[in-house]
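Shown next, in structure tokens, is the structure this report addresses.
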Amino acid sequence: MALSPLAIDELAETVLGCVCAALDEVAEEVPGHPGCPDCRRCVVPGLPAWDGCEDPCTEHTGGQLSVNVTRIFPSTVSSFPQQDQTVRDARNCQPPPVTAVELVITVLRCAPVPTEEGCPPGCEELREAARILHVDALTVYNALLCCLPHTAPEGRRGRRFVLGQQRTVGPQGGCVGIEQTVTVALPPCLPCAGVPV
């Protein structure tokens, strides 16, 4: 039996929900932090377009939050998250012991831009944008560490995952933000249920 056709989509939606909830929580703790974007928070196909950092819906929760899949590959219980190089053929239709999915979480916010006269943004504007970026960075990191393990399907011990690198992106087009990668092991199919993940 094959893996559930909705396994990746459900995982991406779960990660989106974890990160959005964490951004809203931190907005209550950190004065002036914008929280989870109201309008632009979604699972996207392929690389996210930088459609806008300003939120046209409200003045308080601007930005863009997206989750996308960058790759899917076979792995094993003992070598996760490394790619399994085992040759497979038509006699074995069963998926590998572990199917790994690499996701990228992107949070974009408005970046200070030069004035109409061409003057660079002031240090106070830059400092505030940096503070928001730094809070977003650790909030995404903490959301994956604290929320993701508890989202495993019923009866599982917790999701198996490895955090990848996080990097700053931008400023570009008036946006600046972070990209965080995470590689997650999908739950096995039913015939594979004896294999721990």
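The opening residue of the sequence shown carries number -15 in this note's numbering; numbering runs sequentially from there.
A virtual CB, placed ideally from N, CA and C, is assigned to each residue, including glycine.
Same chain, Cβ closer than 6 Å to residue i, neighbours up to 5 away in sequence not counted
i, result
"Val146", "Pro65, Thr167"
"Arg25", "Cys4, Leu49"
"Thr(-2)", "Thr135"
"Arg55", "Glu86"
For residue j and residue i, the rounded distance between their alpha carbons
i, j, result
"Val51", "Ser(-12)", "20 Å"
"Gly161", "Gly154", "6 Å"
Reference residue i, options the options, closest by Cα
i, options, result
"Cys159", "His17, Gly47, Pro79", "Gly47"
"Gln164", "Gly157, Val14, Arg151", "Arg151"
"Cys130", "Leu0, Asp(-7), Ala6, Leu(-10)", "Ala6"
"Ala127", "Gly1, Cys23, Leu(-10)", "Gly1"
"Asp(-7)", "Val14, Pro29, Glu9, Val10", "Pro29"
"Pro32", "Thr90, Glu112, Val10", "Thr90"
"Val14", "Ala(-14), Gly102, Asp120, Glu100", "Asp120"
"Ala184", "Glu12, Pro21, Val53", "Summary: the structure shown does not reach residue 184, with the chain confined to residues -15 through 181, and so no result is reported for it."
Chain-order list of residues whose beta-carbon lies under 8 Å from that of residue i (same chain, five-residue window excluded)
i, result
"Leu(-5)", "Val85, Leu87, Val168, Leu170"
"Ser59", "Pro65, Gln66, Gln67, Asp68, Pro80, Pro81, Val82, Thr83, Ala84, Ala169"
"Tyr125", "Leu147, Gln150, Gln164"
"Thr137", "Rather than Thr, the amino acid found at residue 137 in this sequence is Pro. Correct list, in chain order: Pro171."
Cβ neighbours of residue i in the same chain (closer than 7 Å, five flanking residues each side left out)
i, result
"Pro98", "Pro104, Pro105"
Beta-carbon spacing of residue i, residue j below 9 Å
i, j, result
"Val10", "Thr123", "yes"
"Gly19", "Asp8", "yes"
"Pro16", "Glu112", "For clarity, residue 16 is Gly in the given sequence; the question names Pro instead. Yes, these two residues count as a Cβ contact at 9 Å."
- Message: Any contact between the stretch 108 to 118 and the stretch 91 to 99? By contact I mean 3 or more CB pairs, one from each, below 8 Å.
- Response: yes
- Touch test, the stretch 54 to 69 against the stretch 122 to 142, Cβ-Cβ under 8 Å, three pairs minimum: no
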